[in-house]
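S.K.: So that we are looking at the same thing, I have put the structure below in structure tokens.
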Amino acid sequence: MFSVAIGAFFGAMLRFWVSEHITKGTWLVNIVGSFLLGLVISSPYHSLLAIGFCGSFTTFSTFSIEVVTLWQHNKKQAVRYSIVTTTLSVAACLCGLFIKP
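Residue numbering for the sequence shown follows our numbering, beginning at -6 and increasing consecutively.
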């Protein structure tokens, strides 16, 4: 449990920094986080890295509200954003799974 908390602390801090300094931060953290999850999913440090760090670094709730907000203003853009983000996140996770030693 402690390792999950430590990983979550660092994941949340990095997530906050990205959201404050990088445009398209949600898109970036979800794709990068999915890639990292693929790399560490079967690591002996699974609780620290996969559950803690990746769990707090990525953000499905922010992604969801962004899609809803886009939908209210531009339905085509909302659909495109949803498809691209989901596809790239899954592809990134697969890449991480295939790259890991």
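Quick reminder that beta carbons are idealized off the backbone N, C-alpha and C, glycines included. All values reported here derive from a predicted model rather than from experimental measurement.
#1: Look at the alpha carbon of ILE58 and the alpha carbon of TRP64, and state the distance between them as a whole number of angstroms.
#2: Tell me the DSSP secondary structure of TYR74 in three-state form.
#3: State the start and end residues of the unbroken alpha helix (DSSP H) segment that holds ILE58.
#4: Give me the Cβ distance between SER82 and ILE44, rounded to the nearest whole Å; I'm assuming they're in contact under 8 Å.
#5: Around the C-beta of SER54, are 16 or more other C-beta atoms found within 10 angstroms, so that it is buried, or is it exposed?
M.R.: Quick answer:
#1: As a first step, residue 58 must be located in the sequence shown, where it is residue number 65. As a first step, residue 64 must be located in the sequence shown, where it is residue number 71. For the pair ILE58 and TRP64, the Cα-to-Cα distance works out to about 10 Å.
#2: As a working note, residue 74 is residue 81 in the sequence shown. Taken through DSSP and simplified to helix, strand or coil, TYR74 comes out as helix.
#3: Against the sequence shown, residue 58 aligns to sequence position 65. It spans 53 to 66 - the alpha helix (DSSP H) in which ILE58 sits, taken as one unbroken run.
#4: Position 89 of the sequence shown, counting from 1, holds the residue named residue 82. Position 51 of the sequence shown, counting from 1, holds the residue named residue 44. In fact, because the Cβ distance is near 17 Å, the residues do not count as touching under 8 Å.
#5: Residue 54 sits at position 61 when you count from the first residue of the sequence shown. SER54 is exposed by the Cβ-count criterion.
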